[in-house]
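First residue of the sequence shown: 5, per our numbering; consecutive thereafter.
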Amino acid sequence: MNNIPVYDTVIIGGGPGGYTAALYAARAGLDAVLLEQLAAGGQMAQSHLVENYPGFTEGIDGFQLAQQMQQQAERFGAKTAYVQVNRVDLSASPKRVETTGGSFYGRTVILATGAVPRELGLPEEKALNGKGVAYCAACDGMFYRGKTVVVVGGGNSAAADALLLSRVAKKVILVHRRDTLRATKIYHEPLLKAENVELRWNSVITQLLHNEKVTGVRLRDILSGEETTVDCDGVFVSVGRKPATELVDGQLLLDEAGYVLAGESTLTNIPGVFAVGDVRTKPLRQIVTAVADGAMAVHHIEEYLAQTC
5 MNNIPVYDTV
15 IIGGGPGGYT
25 AALYAARAGL
35 DAVLLEQLAA
45 GGQMAQSHLV
55 ENYPGFTEGI
65 DGFQLAQQMQ
75 QQAERFGAKT
85 AYVQVNRVDL
95 SASPKRVETT
105 GGSFYGRTVI
115 LATGAVPREL
125 GLPEEKALNG
135 KGVAYCAACD
145 GMFYRGKTVV
155 VVGGGNSAAA
165 DALLLSRVAK
175 KVILVHRRDT
185 LRATKIYHEP
195 LLKAENVELR
205 WNSVITQLLH
215 NEKVTGVRLR
225 DILSGEETTV
235 DCDGVFVSVG
245 RKPATELVDG
255 QLLLDEAGYV
265 LAGESTLTNI
275 PGVFAVGDVR
285 TKPLRQIVTA
295 VADGAMAVHH
305 IEEYLAQTC
């Protein structure tokens, strides 16, 4: 590795987990570089108002929070490279990350590539994101206090979102393409008992109705073909998430849904490789849990480097 820098850690992904890892690594005296394709923040940067991250009494714009996280990490010496990662060799020594800006080498690697919500694929869905279309009830549910919302999906996420929203919204309409929920039984009874939750079975959304914001949806009964219009103030899409694990498929162990198998320790099946934030297996994917992962990963990196270097 003549004249080629070998970093103590190479962090792939600039979301809250990645930049927290960069901050903790830099403050621990480790030489850290973070690789990000577009801009800091990941999914967080697309949120117009983050109200559930501690320390901001009036909330904060997600993009602004991301910028602050990046600036804080860089103030302590962390580096950022804006490149696209094309390939990784996690078993090499040192570990190699090939990008559009050349290869980066690290004694350790932190995978912080995140996960993205699956979309319905409807026209104007992207344009209405933040204008009545949402993908996280825990993040955005409070904006719909006393209003009518539609939740799309039938799994655990959709059921949990519908129950959460039932505590703040005037009415929740759960739309599912089947005649029974795929969610575990623990959700069924609370949903059926909730007086402000209406279940629309065998139905799909065919159109988002809107002016500047969502005003309703068009539903189609998949058995009869009948179409109806439902007035609502918001639509929460809860049809799953897609983890960004294409880079490591075949190297790291993944669960059935494609998430990296890593617990609260963030350790993966390859020594010196850590997974933080939404990309790893976990029960709750929030900014605050990603931040915790970033700190935990650096704690174990320090132990790993002390034993191997």
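For glycine and all other residues, C-beta sits at the position ideal for the given N, C-alpha and C.
Rounded to whole angstroms, the gap between the alpha carbons of residue 255 and residue 94 is 7 Å. Counting only runs that start and end inside the region 152-205, the alpha helix (DSSP H) elements of at least 4 residues fall at 160-170, 192-197. Following the DSSP letters along the chain, one finds residue 109 inside the beta strand (DSSP E) bounded by residues 106-115. When the five nearest sequence neighbours on each side are left out, the beta carbons in the same chain lying within less than 7 Å of the beta carbon of residue 144 are those of 138, in order along the chain.
Residue 310 counts as exposed, since fewer than 16 other beta carbons sit within 10 angstroms of its beta carbon. Note that the C-beta distance between residue 70 and residue 49 is below 7 Å. Rounded to whole angstroms, the separation of the alpha carbons of residue 298 and residue 157 is 31 Å. Judged by DSSP secondary structure, residue 297 falls within the alpha helix (DSSP H) whose first and last residues are 291-312.
Annotation for residue 13: the continuous beta strand (DSSP E) segment containing it runs 10-16. Exclusion of the five residues before and after residue 207 leaves 179, 180, 181, 223, 224, 225, 226 as the residues of its chain whose Cβ lies within less than 8 Å of its Cβ.
Taking the Cα positions, residue 109 is about 18 Å away from residue 301. The Cβ-Cβ distance between residue 115 and residue 283 falls below 7 Å. Counting only residues of its own chain and dropping the five nearest sequence neighbours on each side, residue 165 has a CB closer than 7 Å to the CB of 141, 155, 240, 242. Per DSSP, the continuous beta strand (DSSP E) segment holding residue 211 begins and ends at 207-214.
The beta-bridge partner set that DSSP reports for residue 284 consists of 264. Distance between residue 59 and residue 292, taken at the CA atoms: about 11 Å.
It is roughly 16 Å from the alpha-carbon of residue 45 to the alpha-carbon of residue 37.
Residue burial is scored here from C-beta neighbours: residue 233 has fewer than 16 other C-beta atoms within 10 angstroms and is therefore classed as exposed. Inclusion of residue 259 and residue 219 in the CB contact set at 7 Å is not warranted, their separation being larger than that value.
Here the alpha carbons of residue 159 and residue 186 stand approximately 5 Å from one another.
Here residue 42 is exposed. Its C-beta has fewer than 16 other C-beta atoms within 10 Å.
For residue 230, there is no enclosing alpha helix (DSSP H), as DSSP marks it with neither H nor E. The three-state reading of DSSP puts residue 121 in strand, counting E and B together. Where residue 77 is concerned, the enclosing alpha helix (DSSP H) starts and stops at 66-79. Between the alpha carbons of residue 146 and residue 172 lies a gap of roughly 7 Å. Scanning its chain for C-beta atoms nearer than 7 Å, with the 5 sequence neighbours on each side dropped, one finds around residue 183 the residues 205, 206, in chain order.
Annotation for residue 247: no alpha helix (DSSP H) segment contains it, though the beta strand (DSSP E) segment containing it runs 245-247. Of 105, 176, 150, the smallest CA-CA separation from residue 162 is found for 176. Contact between residue 101 and residue 16 holds: their C-beta atoms lie close to 7 Å from each other, under 8 Å. For the pair residue 112 and residue 305, the CB atoms are nearer than the 7 Å cut-off. DSSP places residue 25 in the helix class (H, G or I) of the three-state scheme. In the DSSP annotation of this structure, the continuous segment of the alpha helix (DSSP H) that includes residue 141 starts and ends at 141-144.
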